[in-house]
Amino acid sequence: MARYAIIDPENYSDEQKAAAMEIAGSRGSVRGPFQVLLHNPALAEILEKYGAYARFNNSLPDRLNELAVAICGRYWGAHVEWIAHSRLALEAGISQSIIDAIHDGEAPEFGNGDEQAIYDFCTGVFEAKRVEDAVYGRCLELFGEAGVIDLMATLTHYTVVSLTLNSFQVPVPDGAKTPPFGPGR
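Going by the numbering used here, the final residue of the sequence shown carries number 199, and the count climbs one at a time with no gaps.
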């Protein structure tokens, strides 16, 4: 049961209308965490702009960015996030075996060094709460300073999204199913 009321667009305040138009402009509609965030339209607009950058405009290839988002959603146990972004990661070129391993809390076997670097950075941030020098150096070499900053910005944004989804019990989309996450990572 969701912990928020979905606001009928007919009842939007002027601020909510403006925020909803901005959100729908880049995402096609107002759904998921943005249904919650519209209760605070000023915050919704800020997170929409930040999220649009993190998802659509950062310097990382979509394949790597979506891998990072999927890892983030898995870490936080955010089923809505996982359903959306594990699918997008697959569509962007991440293998099913990698997605399955992450889902099950196991360390994937990577064929690409850039995917391994993203995974190591993300798991360092989430598990150790810091990134080891060797991992940071590898990411810096592969993605440059802007890429490392963009990776951190993506993790930051999707942590907010995941915590919003979980805290307000945003339900998975109709018909979507995900088995329970495995133990571990």
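Here a beta-carbon is modelled for each residue, glycine too, at the ideal position from N, C-alpha and C. Fair warning: this is a prediction, and the values are worked out from it, not measured in the lab.
Should residue i be labelled buried (16 or more other beta-carbon atoms within 10 Å of its own) or exposed?
i	result
Ser20	Sequence inspection shows Ile at residue 20; the Ser mentioned does not correspond to that position. Classification for Ile20: exposed.
Ile163	exposed
Arg144	exposed
Asp22	exposed
His53	exposed
Glu141	exposed
Ser111	exposed
Ser27	exposed
Pro185	exposed
Ala68	buried
Any idea what DSSP makes of residue i, helix, strand or coil?
i	result
Gly4	In the structure displayed, the chain extends from 15 to 199; residue 4 sits before or after that span and is not available.
Gln183	coil
His256	In the structure displayed, the chain extends from 15 to 199; residue 256 sits before or after that span and is not available.
Phe190	Checking the sequence, you will find Ala at residue 190 rather than Phe. In this structure, Ala190 counts as coil in the three-state DSSP scheme.
Ser100	helix
Val162	helix
Tyr26	coil
Tyr150	helix
Val145	coil
Ser176	helix
Asn79	helix
Glu120	coil
Ala92	coil
Please report the Cβ distance between residue i and residue j, rounded to the nearest whole angstrom; I am assuming they are in contact, meaning their Cβ atoms lie under 8 Å.
i	j	result
Gly42	Val94	With 8 Å as the limit, Gly42 and Val94 do not qualify as a contact, their Cβ atoms being about 16 Å apart.
Tyr18	Gln49	7 Å
Ala34	Val44	5 Å
Thr168	Ala82	5 Å
Phe135	Cys153	5 Å
Trp96	Ala106	About 15 Å separates the two Cβ atoms, so there is no contact after all.
Ile132	Leu78	5 Å
Cys86	Ser176	6 Å
In the DSSP assignment, find the alpha helix (DSSP H) that holds residue i and state where it starts and stops.
i	result
Asp114	110-117
Ile20	Premise fails: Ile20 is in no alpha helix (DSSP H) and is neither H nor E.
Gly127	127-137
- Evaluate contact between the segment 53-72 and the segment 111-129, counting only Cβ atoms and requiring at least three cross-stretch pairs below 8 Å. no
- Query: Touching or not, the segment 150-166 and the segment 68-88, by the rule of three or more beta carbon pairs under 8 Å?
  - Reply: yes
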